[in-house]
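Numbering (full-length UniProt numbering), first residue to last: 1 to 458. No residue lacks a Cβ here, since even glycine has one placed at the ideal position from N, Cα and C. Small disclaimer: the values here were computed from a predicted structure and weren't measured.
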């Protein structure tokens with residue numbers, strides 16, 4: 001029979017075997033962790049992950065029975081550009097058929113309200129498009145025809161920066177924009193900005209930064225080493241789309257999607273994102289807005305003049321914010337101040353979104369009148385009565401009431417089209433409740449002193 005020493009020896013061998021197994025498991029975990037990090041740091045995989053995370057942000061803002069539908073078109077920019085370029089005109093492209101013909105132009109269709117394009121657009125030629133300016137023009141024409149604004153990432157070339165240049169706090173965008181005038185391709189881009197269809201196109205910069213949570217500590221997983229720098233870059237257009245969805249979910253309207261209120265959500269805030277932590281401080285102590293760059297006021301103003309939507313930040317706050325929403329369109333200056341102001345307002349994305357929503361409803365209402373014996377006066381009165389239900393002339397009303405009645409004034413005119421019996425033309429005038437866009441201030445300081453240098457007044 002074995003003695004006590006044999007039992008103790010067997011226990012020691014079991015402990016040694018268990019310890020060796022634990023070491024081998026730890027080595028396997030480290031090897032798998034390194035391989036996972038190699039995959040996650042690959043630019044192609046990081047881009048794919050960013051798209052799925054952006055889609056998750058949008059889908060999370062919808063719910064069961066919600067009036068918001070999110071549809072996905074799996075098409076790269078070279079595919080979309082080739083479709084737009086090869087078509088005889090924009091209305092012959094497959095994209096136009098998907099967005100306009102099958103929805104907005106089809107009885108019973110559900111018109112698209114917003115196209116979120118995970119593409120980088122500029123006037124600079126790339127591998128995706130042989131003629132980027134013409135391709136962007138056709139994209140904006142598709143969006144305008146369907147009354148469905150499109151938003152995408154602004155290429156650095158649109159701001160006078162090279163592809164390898166970074167937008168830093170010290171970047172002088174007005175000086176960089178002066179370089180654009182020497183670029184022949186930018187002259188065509190400026191001509192494109194004069195087209196009215198570009199009011200339905202918005203380009204956003206800079207990008208968002210998303211944390212990359214990873215948890216493999218479940219019983220069926222493995223323990224992964226969290227490497228530093230675990231972040232991905234997301235197209236800022238997803239942030240704008242999230243803000244638009246939040247506003248529509250809260251009020252069914254799009255006008256109040258700019259700016260931020262103290263200690264309140266809503267407006268132009270991009271809420272629900274994880275702040276970026278600085279690794280040199282305690283966790284949460286120096287949380288920063290999750291953006292790739294923080295813009296100065298001068299940079300924001302320069303980006304607006306260049307037709308780029310600036311994704312800004314707030315002081316001592318971690319939420320990014322959209323303070324202003326210019327479209328690519330460059331509004332013209334007219335002889336009268338009122339006409340110039342109207343052109344400027346018509347080029348702002350929030351009002352383009354509002355107008356598009358009314359256009360969708362009016363299209364359906366006019367379609368239902370096909371085959372009736374109504375004359376232009378009857379149609380005009382019917383449409384005008386419908387628009388008046390959304391008007392509120394009280395400028396002192398609160399935001400909640402203005403959301404229920406989003407128009408300050410409206411009017412409609414219906415006229416028969418010459419040479420086309422039974423066909424009518426419709427002109428609609430919408431005046432929304434305006435928001436404060438910017439504030440210009442000036443100070444004049446005067447100091448007087450007597451002969452002794454003593455200050456008398458200031």
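Review point. Since residue 234 and residue 50 are thought to touch, with beta carbons under 8 Å apart, how far apart are those beta carbons, to the nearest angstrom?
Key: Looking up residue 234 in the chain shown gives position 234. Looking up residue 50 in the chain shown gives position 50. Right, their Cβ atoms sit about 5 Å apart.
**Study point:** For residue 424, three-class secondary structure by DSSP
**Key:** As a working note, residue 424 is residue 424 in the chain shown. Here residue 424 sits in strand by DSSP.
Point to revise | Whole-angstrom C-beta distance between residue 347 and residue 327, which should lie under 8 Å | key: As a first step, residue 327 is located in the chain shown; it is residue number 327 there, counting from the start. As a first step, residue 347 is located in the chain shown; it is residue number 347 there, counting from the start. Confirmed, Cβ separation roughly 5 Å.
Review point. Between which two residues does the alpha helix (DSSP H) carrying residue 487 extend?
Key: Since the first residue shown for the chain is 1 and the last is 458, residue 487 is missing from the structure and cannot be characterised.
Check your understanding: Cβ atoms of residue 323 and residue 331: under 9 Å apart, would you say?
Key -> Counting from one through the chain shown, the residue named residue 331 turns up at place 331. Counting from one through the chain shown, the residue named residue 323 turns up at place 323. Cβ atoms of residue 331 and residue 323: not closer than 9 Å.
Check your understanding: Buried or exposed: which applies to residue 194, given that a residue is buried once 16 or more other Cβ atoms fall within 10 Å of its Cβ?
Key -> To locate residue 194, count along the chain shown from 1; it is residue 194. Residue 194 should be labelled exposed.
Review point. Would residue 93 be called buried (16 or more neighbouring beta carbons within 10 Å of its own) or exposed?
Key: Counted from its first residue, the chain shown places residue 93 at position 93. So residue 93 counts as buried.
Review point. Alpha carbon to alpha carbon, what distance is there between residue 116 and residue 241?
Key: Taking the first residue of the chain shown as 1, we reach residue 241 at position 241. Taking the first residue of the chain shown as 1, we reach residue 116 at position 116. Approximately 7 Å between the Cα atoms of the pair.
Exercise for review: In the DSSP assignment, find the unbroken beta strand (DSSP E) run with residue 117 in it and report its ends.
Suggested key: In the chain shown, counting from the first residue as 1, residue 117 sits at position 117. Where residue 117 is concerned, the enclosing beta strand (DSSP E) stretches over 115 to 121.
Check your understanding: Hey, is the segment 99 to 107 in contact with the segment 42 to 60, meaning 3+ C-beta pairs nearer than 8 Å?
Key -> no
Point to revise | Buried or exposed (CB count within 10 angstroms, at least 16 for buried), residue 236 | key: On the chain shown, position 236 is the one that residue 236 refers to. With 16 or more other Cβ atoms within 10 Å, it is buried.
Exercise for review: With a 10 Å radius around its C-beta and 16 neighbouring C-beta atoms as the bar for buried, classify residue 261 as buried or exposed.
Suggested key: Residue mapping note: residue 261 aligns to position 261 of the chain shown, counting from 1. That one is exposed.
Exercise for review: State the DSSP-derived secondary structure class of residue 312, mapped to helix, strand or coil.
Suggested key: Here residue 312 is taken as the residue at index 312 of the chain shown, counted from 1. Residue 312: strand per DSSP, three-state reduction.
Exercise for review: Can you say whether residue 336 is buried or exposed, counting buried as having 16 or more other CB atoms within 10 angstroms of its CB?
Suggested key: Position 336 of the chain shown holds residue 336. Classification of residue 336: exposed, given that the 10 Å Cβ count is below 16.
Review point. Measuring CB to CB, does residue 243 end up less than 9 Å from residue 270?
Key: As a first step, residue 243 is located in the chain shown; it is residue number 243 there, counting from the start. As a first step, residue 270 is located in the chain shown; it is residue number 270 there, counting from the start. Taking 9 Å as the Cβ cut-off, residue 243 and residue 270 qualify as a contacting pair.
Exercise for review: Buried or exposed for residue 365, please, with buried defined as at least 16 other CB atoms from any protein chain shown within 10 angstroms of its CB.
Suggested key: Your numbering for residue 365 matches position 365 in the chain shown. Classification for residue 365: exposed.
Practice item. Please state whether DSSP places residue 251 in a helix, a strand or coil. Key: The residue given as residue 251 occupies position 251 in the chain shown. Reduced to three states, the DSSP call for residue 251 is helix.
Point to revise | Proximal residues to residue 91 (C-beta, below 6 Å), its chain only, five neighbours per side dropped | key: Along the chain shown, one-based indexing puts residue 91 at 91. Once the five neighbours on either side are set aside, residue 91 has no close Cβ partner at all.
Practice item. Take the Cβ of residue 254 as the centre, count every other Cβ of all protein chains shown within 10 Å, and call the residue buried at 16 or more, exposed below. Key: Along the chain shown, read from residue 1 onward, the residue named residue 254 stands at position 254. With 16 or more Cβ atoms within 10 Å of its Cβ, residue 254 is classed as buried.
Exercise for review: Would you give the residue range spanned by the alpha helix (DSSP H) that residue 305 belongs to?
Suggested key: As a working mapping, residue 305 is identified with position 305 in the chain shown. Segment 297 to 305, the alpha helix (DSSP H) holding residue 305.
Point to revise | Same chain, Cβ closer than 6 Å to residue 129, neighbours up to 5 away in sequence not counted | key: For the purposes of this step, residue 129 is taken as residue 129 along the chain shown, with counting starting at 1. Same-chain partners within the cutoff: 81 and 135.
**Study point:** Rounded C-alpha distance that separates residue 442 from residue 259
**Key:** Locating residue 442 in the chain shown gives position 442, where the first residue counts as 1. Locating residue 259 in the chain shown gives position 259, where the first residue counts as 1. Because the pLDDT at residue 442 is just 41, under 50, the model does not fix this residue reliably, and the value given afterwards should be weighed accordingly. If I take the Cα positions, the gap works out to 22 Å.
Point to revise | 3-residue-minimum beta strand (DSSP E) runs that sit fully inside the segment 48 to 126, ordered along the chain | key: 115 to 121
Exercise for review: Kindly identify the DSSP beta-bridge partner or partners of residue 151.
Suggested key: Position 151 of the chain shown, counted from the first residue, corresponds to residue 151. DSSP output for residue 151 lists 116 and 202 as bridge partner(s).
Exercise for review: Look at the alpha carbon of residue 305 and the alpha carbon of residue 344, and state the distance between them as a whole number of angstroms.
Suggested key: Locating residue 305 in the chain shown gives position 305, where the first residue counts as 1. Locating residue 344 in the chain shown gives position 344, where the first residue counts as 1. Each residue's Cα considered, the two are about 11 Å apart.
Review point. How far does the beta strand (DSSP E) with residue 415 in it reach, from first residue to last?
Key: Taking the chain shown and counting its residues from 1, one reaches residue 415 at position 415. Here the beta strand (DSSP E) through residue 415 covers 407 to 416.
**Study point:** Neighbourhood of residue 268 by C-beta distance below 7 Å, restricted to the same chain and skipping five residues each side
**Key:** For this step, residue 268 is matched to residue 268 along the chain shown. Around residue 268: 243, 257, 258, 259, 260, 321, 322 and 323.
Check your understanding: Who are the near neighbours of residue 126 in its chain, counting only those whose CB is closer than 8 Å to its CB and skipping five residues on each side?
Key -> As a working mapping, residue 126 is identified with position 126 in the chain shown. Excluding residues within five positions, the ones whose Cβ falls inside 8 Å are 132.
Review point. Where does the unbroken alpha helix (DSSP H) through residue 379 begin, and where does it stop?
Key: Here the question's residue 379 lines up with position 379 in the chain shown. Taken as a continuous stretch (DSSP letters only), the alpha helix (DSSP H) holding residue 379 covers 376 to 388.
**Study point:** Coarse secondary structure for residue 43, derived from DSSP in three states
**Key:** If you number the chain shown from 1, residue 43 lands on position 43. The answer is helix: DSSP assigns residue 43 an H, G or I state.
Point to revise | Three-state class that DSSP yields for residue 132 in the structure shown | key: Walking along the chain shown from the start, residue 132 turns up at place 132. Helix, per DSSP.
Check your understanding: Straight-line CA distance for residue 206 to residue 291?
Key -> One-based indexing of the chain shown puts residue 206 at position 206. One-based indexing of the chain shown puts residue 291 at position 291. Computed Cα separation, rounded: 7 Å.
Point to revise | Alpha carbon of residue 338 to alpha carbon of residue 429, nearest angstrom | key: Position 338 of the chain shown, counted from the first residue, corresponds to residue 338. Position 429 of the chain shown, counted from the first residue, corresponds to residue 429. The alpha-carbon atoms of residue 338 and residue 429 are separated by roughly 15 Å.
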